[in-house]
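Everything below concerns the one structure shown next.
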Amino acid sequence: MLSRLTRPQAVAVCALPVVALLATAALAPLPFSVAQPGMTANVLGANKGTQVISVSGAPVRSTSGQLRMVTIEATGPDARVSLTDVVDNWFRTDRAVMPRDAVYPSGDTVKEIEQHNAAQMQQSQDAATQAALKYLGLSAGKVKVSLKLADVGGPSAGLLFTLGIIDKLDGDGSGGDLTGGRTIAGTGTIDAAGAVGAVGGVALKTQAARRDGATVFLVPKAECADAKADLPKGLRLVPVTTLKEAVNSLTMLEKGKGSVPSC
1267 MLSRLTRPQA VAVCALPVVA LLATAALAPL PFSVAQPGMT ANVLGANKGT QVISVSGAPV
1327 RSTSGQLRMV TIEATGPDAR VSLTDVVDNW FRTDRAVMPR DAVYPSGDTV KEIEQHNAAQ
1387 MQQSQDAATQ AALKYLGLSA GKVKVSLKLA DVGGPSAGLL FTLGIIDKLD GDGSGGDLTG
1447 GRTIAGTGTI DAAGAVGAVG GVALKTQAAR RDGATVFLVP KAECADAKAD LPKGLRLVPV
1507 TTLKEAVNSL TMLEKGKGSV PSC
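The sequence shown begins at 1267 in our numbering and counts up one residue at a time.
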């Protein structure tokens, strides 16, 4: 003989599997990374006691102001990100929940990811050197550039490396600094021809830039909309698609002449 359940009892019994499922989902690892504003480094100076840009074979200028490359910090490739972590960080303006594959190459081990990021950084540095020397009309056979930035991987510092080399060798071309004495930050990949590419995470990078004193932020034009989201007060966005545009914009800012583009 079967006994009858009251309605509240029936609801409770039916709810048990749902509660168990939600509890499991809350604790299960998900394919996401949680990112936040990371460190910045002035490429015109030293980082962790080592000069970021070193040049031989050509006179090097003394510079003022700063050119700060910016980073984001993300949970590690082997970190467990749960539903609770995703929900807790989803609506925070100083955090971003990103697909793990957008942060780290899919299917790689931690060691392979580190090697991949290091290789991307080296390629970025090589392209930055080529782009800067080509812009200045200098020969790579006579001018040697060394770029060192500890504990940073990936290609997103390319634009700032290039601008740093140009500022150290030529400034604004007429005796002044590209920075105009300001703290300039920015992000973007670079190729040997001087094309600037998108990088991702720009909304977090603008926060890191402003936190560390920047008043101007160079951003790949394709990412203007992302950069404007939660833009910190006092930070001016300058969109760029090429190295020449970036140099021209900084020169116009320095001299106070011309129409500087904005997002």
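A virtual CB, placed ideally from N, CA and C, is assigned to each residue, including glycine. Quick caveat: nothing in here was measured; it's all calculated off a predicted structure.
Per-residue DSSP class, three states only, for residue i
i            : result
residue 1495 : coil
residue 1369 : helix
residue 1361 : coil
residue 1508 : strand
residue 1306 : strand
residue 1526 : coil
residue 1299 : strand
residue 1515 : helix
residue 1404 : coil
residue 1375 : coil
Neighbour-count burial assignment, residue i, 16 or more Cβ in a 10 Å radius
i            : result
residue 1434 : buried
residue 1491 : exposed
residue 1359 : exposed
residue 1337 : buried
residue 1293 : Residue confidence is low: residue 1293 scores 49 on pLDDT, short of 50, so the model does not pin down where it sits. No coordinate-derived value is stated.
residue 1422 : buried
residue 1391 : buried
residue 1443 : buried
residue 1385 : exposed
Opposing strand residues paired with residue i [DSSP bridges]
i            : result
residue 1313 : 1316
residue 1482 : 1450 and 1502
| query | Enumerated in chain order, which unbroken segments of the beta strand (DSSP E) with a length of 3 residues or greater are wholly contained in the segment 1317-1364? | reply | 1319-1322 and 1332-1340
Curious, which full-length beta strand (DSSP E) runs of at least 3 residues does the segment 1407-1471 contain? 1410-1413 and 1449-1452
Under 8 Å, with one C-beta from each stretch per pair, do the segment 1464-1478 and the segment 1305-1312 reach the 3-pair mark?
yes
Is it true that the segment 1335-1348 meets the segment 1513-1523, where meeting means three or more beta-carbon pairs spaced less than 8 Å apart? At 8 Å Cβ cutoff, the stretches do not touch.
Looking at C-beta atoms only, is the number of pairs between the segment 1443-1456 and the segment 1482-1498 that lie closer than 8 Å three or more?
-> Yes, the segment 1443-1456 is in contact with the segment 1482-1498.
- Examine the Cβ distances between the segment 1376-1384 and the segment 1393-1409 and report whether three or more of them are shorter than 8 Å. no
contact_flag[the segment 1416-1431, the segment 1393-1406] where n(CB pairs < 8 Å) is 3 or more = yes
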